[in-house]
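Letter by letter, the sequence shown follows residues 1029 to 1154 in this note's numbering.
Shown next, in structure tokens, is the structure this report addresses.
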Amino acid sequence: MAFLGERKRLEGDISGRELQRALWTDPPKVRIMPGVPRKLDYQGRMKIRKDCDEVFPQIMVGTGDCIKDLDFLLDLGVTHIINTSEQDVRIDPTKYAKQGFATRASAARTCPGRTLPNILRSVLSS
């Protein structure tokens, strides 16, 4: 899932419909991954044990291996982390807070009524 549109966020003309289109679009099979200066396919991503995509400007979705690599996150400029699979990906919030990350765990499977905007609001307000 890669954001392939123009970055017009600062001009204010990105709508919710465009965000929905970005999140529901199948990405190209071979694409650039944030923090990696070359295009990778699925096997290449699994070889380096990281898989993440910028699905919208400044919003990234990644695997547990990405979230556990603090240096990788710092290089990307990540400031907030939402762990939606806290039962499978265990992280120590105090370790991340020491590096300046705001973290929030959200059990997406056990709370199906929680929507992404509500989760984002709670994380950004922390």
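We put the beta carbon where it would ideally sit given N, CA and C, even for glycine.
Quickly, what does DSSP pair arginine 1059 with across the bridge? List them, please. Numbered from its first residue, the sequence shown carries residue 1059 at position 31. Note: arginine 1059 sits in a beta bridge opposite Leu1068.
When we look at the beta-carbon of leucine 1038 and count the other beta-carbons within 10 Å, is it buried (16 or more) or exposed? Translated into positions along the sequence shown, residue 1038 becomes position 10. Model confidence at leucine 1038 stands at a pLDDT of 48, short of 50, so the residue's coordinates are unreliable; what they give is reported in the following sentence. By the 10 Å Cβ count, leucine 1038 comes out exposed.
I'd like to check one pair, aspartate 1103 with glycine 1128: are the Cβ atoms closer than 7 Å? Against the sequence shown, residue 1128 aligns to sequence position 100. Against the sequence shown, residue 1103 aligns to sequence position 75. No, Cβ-Cβ distance for glycine 1128 and aspartate 1103 is not below 7 Å.
Quick one, which of Ala1125, Ala1133, Ile1087, Lys1123 has its alpha-carbon nearest threonine 1112's? Looking up residue 1112 in the sequence shown gives position 84. Among Ala1125, Ala1133, Ile1087, Lys1123, the Cα nearest to that of threonine 1112 is on Ala1133.
Measuring straight from C-alpha to C-alpha, what distance separates arginine 1045 and valine 1083? By 1-based counting over the sequence shown, the position of residue 1045 is 17. By 1-based counting over the sequence shown, the position of residue 1083 is 55. Going by the C-alpha atoms only, they are around 14 Å apart.
Under the rule that 16 or more other beta-carbon atoms within 10 Å means buried, what is aspartate 1081, buried or exposed? By one-based count along the sequence shown, residue 1081 stands at place 53. Label assigned to aspartate 1081: buried.
Phenylalanine 1084 - containing beta strand (DSSP E), residue span: Along the sequence shown, read from residue 1 onward, the residue named residue 1084 stands at position 56. Following the DSSP letters along the chain, one finds phenylalanine 1084 inside the beta strand (DSSP E) bounded by residues 1080–1084.
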